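Engineer:
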Amino acid sequence: METGREFLPYLPMGGSITPIAPYTNMIPSGLGALYAACRLLYPDQPNPLQVTANLKYWMKGPDPLDYISMYSNPGDPGQNIPPHWHYISFGLSDLYGDERVHQRRYPPSPSGFGFELTFRLKKDDEPGPPTWPAMVMQALAKYVFQSTNVLCAGDHVSWHCSLDNSESRIEHMLMTEDPQLGTVNTPHGHVTFIQIVGVCAEELKAAQQWNGPGIIELMKTIEIAGGPWLVTNMRRGETIFELDSEIQEKVDKGIIEEGSNLSGVSAKCAWSEKPFSNNDDSNGEEEEEDDDEDEDEDEDDSDSDSDYNENHPILERVNQNHGHLNHLSNLNSNNVLNNNNNINNCNNTNPNNNSCASPIGGMSSPACNSRNSNMSITHDQQNQSNSRMSYASETGAPEPGELIQTKFLEKVYIRLNHEAGMLLPLALRGRLKHGRHFTFKSILGDLAITFVTPTVRGSHVNEEQPYAVHGPWLQILIPDRSIDTMLKDLQDLSDLDFESLPKTYDWSELNLSITLVPEDNLN
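Quick look at the structure:
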């Protein structure tokens, strides 16, 4: 195949497919260093097919990746690695070194965003490499350029439809380091090749509730799920849990022994110092009469916030501290991709922004509608599972300039939508038992309900004053001695159906009551 003409209908807008030109001294130094790494891996393919952006991003073109090379990888029969197509991006790192795209940096700093994307697709009967993976890579790159949030090994992306728009169960992505390319040094800094791994919804959920690297390691042990090189098989019809009955036990054991890095979820939630009436569908806290004015202000804030757009996927992350680059957390990127007046490059990154952000929106996957939950999630940053929590990290709102007075409560009544409430056992077993916090963040405003233990830093509660309100932030201290009792009482959650709602759990010794209600009862 010389032209790849038969694949042109699947190309990203403005793209074309061409072979790489022979290496010459005219190739920019950053790009040349990456090409050299590829030639070491594929010495017999000096001119692979490429998806090329005809109008480059730095010339106001639509596609951030200048090139995506597509190599034929023979696999390794000795390791049961099948033949596959290997896609490699060029553009997230600094290819040119002249600040046309990225701020100029020098080793040991990262080049550009510090990474490029790769993807391994198991070969089928096609005569050449399909180009739909290039569309996925371009979509991810657009998000990175416009948000300045980087993707790293351990991250996961909710896509909510098959990656190739077929009937495949492979509907989401995990990120890991490419097993063959790793990290390359260039004249403009180091570049890590981050490989996209296609996963099923059940595998994504496990990564969310435990951690991405743990699921990646389990997938490596199953040939059809990816094997050692994590080759995506779009025809895979079974999850790793169906392929190996012991995998679920390993995930459960991992959560018990290591804890979960799922630190919070979006929810429809409300709280009150008094029992809720049967017809009370409020979205926020019920305050006493002398707090009516504050309550009105809170309701105004809630009304101004965007609601979830359930037709778009969610990007989530667990990340290392990259210093000069922002961190991806429970971000939907619709507001990023549609914010055309805010398209910027790496020059505009904020060196002090290491906290989790939470705008509402979604990255549009091609021709897809979300068929799954629209709950967004928040994770600990890697190696920071016991880091100090803050007003901004839990409410998603900026730290207020004025001093907020903390109010302590005697009793608390909480309402949660059913889907969020189903995570209470995970919060207790995977978080509080390991001395970590867990937050239910309202989708309608700044309201946040955080469960903590005595060892969590940044809280306003203690054994004598276990319930505290700090602005819109309610903190609830659960003593270590009470966690097992609560878990026992919540054992019937897995059997709870819609007809059983509302369902109330009372812990009189804690002066705490939690009621799970149908999804539409807290609108």
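Using the working numbering, you'd call the opening residue of the sequence shown number 92 and step up by one each time. The beta carbon of each residue, even a glycine, is placed where N, CA and C say it ideally should be. Here the structure is a predicted model, which means the values were calculated and not measured.
(1) Count the other C-beta atoms from every protein chain shown that fall within 10 angstroms of the C-beta of Glu262, then say buried if there are 16 or more, exposed otherwise.
(2) According to DSSP, is Asp343 helix, strand or coil?
(3) Please state whether DSSP places Met325 in a helix, a strand or coil.
(4) Quick check on the DSSP output: the beta strand (DSSP E) that includes Cys129 runs from which residue to which?
(5) Hey, how far is the Cα of Ala298 from the Cα of Gly305?
(6) Between the beta-carbon of Asn247 and the beta-carbon of Gly188, is there less than 7 angstroms?
(7) When the Cβ atoms of the region 553 to 566 are set against those of the region 497 to 507, are three or more pairs found closer than 8 angstroms?
(8) Whose C-alpha, out of Leu601, Gly562, Leu587, Leu565, is nearest the C-alpha of Thr576?
(9) For a minimum of 3 consecutive residues, which ranges assigned as the beta strand (DSSP E) are wholly contained in the region 275 to 321?
(10) If I follow the unbroken alpha helix (DSSP H) through Asp575, where does it start and stop?
(11) Who are the near neighbours of Glu308 in its chain, counting only those whose CB is closer than 7 angstroms to its CB and skipping five residues on each side?
(12) Express the C-alpha separation of Thr486 and Thr541 in angstroms, rounding to a whole number.
(13) Report back the beta-carbon spacing between Val608 and Arg506 to the nearest angstrom; my notes put them in contact at under 8 angstroms.
(14) What separation, rounded to the nearest whole angstrom, lies between the Cα atoms of Thr606 and Trp301?
(15) Apart from the five residues on each side of it in sequence, which residues of its chain come closer than 7 angstroms, Cβ to Cβ, to Leu578?
(16) Going by beta carbon distance, what residues of the same chain come within less than 7 angstroms of Glu190, once the five residues before and after it are set aside?
(17) Against chain C, does Trp250 count as a neighbour if the rule is that its beta carbon must be under 7 angstroms from one of theirs?
(18) For Ala361, list the residues DSSP reports as bridge partners.
(19) Comparing C-alpha positions only, which one of Glu293, Arg548, Pro218, Tyr234 sits nearest to His528?
(20) Between Ser202 and Thr277, is the Cβ-Cβ spacing less than 7 angstroms?
(21) Are the beta-carbon atoms of Leu538 and Ile569 separated by less than 7 angstroms?
Structural biologist: The structure says:
(1) buried
(2) helix
(3) coil
(4) Segment 120 to 132 is the alpha helix (DSSP H) holding Cys129; no beta strand (DSSP E) there.
(5) 7 angstroms
(6) According to the sequence provided, residue 247 is His. The question's Asn does not apply to it. Their beta carbons are not under 7 angstroms apart, which means His247 does not touch Gly188 by this criterion.
(7) yes
(8) Leu601
(9) 280 to 290
(10) 571 to 580
(11) none
(12) 9 angstroms
(13) 6 angstroms
(14) 25 angstroms
(15) Pro516, Leu519, Arg520
(16) none
(17) Looking at the structure shown, chain C is missing, and only one protein chain is on hand.
(18) Arg506
(19) Arg548
(20) yes
(21) no
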